[in-house]
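Numbering (mature numbering (1 follows the signal peptide of the UniProt record, and there is no 0)), first residue to last: -30 to -1, 1 to 109. Here a beta-carbon is modelled for each residue, glycine too, at the ideal position from N, C-alpha and C.
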Amino acid sequence: MKPCELRFGPASAAALIAAALLAGCTPSPAPQRDYILYRASGNPIAVSEHVSEQVRACWFGADRASFAGYAYTPEIDSGRARVLVVPANDPTGLPKLVVESTQAGYGTDVKLFGPLLAGPQGARIQADVARWSAGTAGC
């Protein structure tokens, strides 16, 4: 039996090079967001004030037990309209939840992020902030 001999012409070499280059051009997966985004009408300060009032009334007023161990800090006029939920025993520490309102075209983007979203209150937090971002009130 004769050994196998491979011969490549210029067209074959070009095809192999093109295939190798294309193999390196696979699209990378889309980056995952580390926040939840809601759209709101109105300006960021008004939206953040409304959300802050609802956080106070619903999470730290009527149903304080769900957020025991936490305090909230509205930062409406700090240059970034946001509401922070922080550990009550470390109010200057890293927030466990941030609700941030920023200008987006003719409306407002409301971003929700932080480790509390992965906890037992996560679904409630998302549902509440979605409602409040839409302008509704109540727990």
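Task: Where residue -5 falls, given that 16 or more other Cβ within 10 Å makes a residue buried - done: Annotation note: pLDDT 47 at residue -5 (below 50); position unreliable, no value reported.
TODO: Count the CB pairs spanning the segment 39 to 56 and the segment 7 to 23 that are closer than 8 Å, and state whether there are at least three.
DONE: Verdict: yes, contact present.
Open item on the list: In whole angstroms, give me the CA-to-CA distance for residue 76 and residue 17.
Closed with: 13 Å
Task: residue 5, buried or exposed, once every other Cβ within 10 Å from all chains shown has been counted against 16 - done: With fewer than 16 other Cβ atoms inside 10 Å of its own Cβ, residue 5 counts as exposed.
Open item on the list: Can you give me the C-alpha to C-alpha distance between residue 93 and residue 102, rounded to a whole angstrom?
Closed with: 14 Å
TODO: Taking only the alpha-carbon atoms, compute the straight-line gap between residue 9 and residue 64 and give it to the nearest angstrom.
DONE: 25 Å
TODO: Output yes or no for whether 8 Å exceeds the beta carbon distance between residue 66 and residue 56.
DONE: At the C-beta level, residue 66 and residue 56 come within 8 Å of one another.
Open item on the list: Suppose the cutoff is 6 Å on Cβ atoms and the five residues either side in sequence are ignored; what does the same chain contact list for residue 13 look like?
Closed with: Excluding sequence neighbours, residue 13 sits near nothing in its chain.
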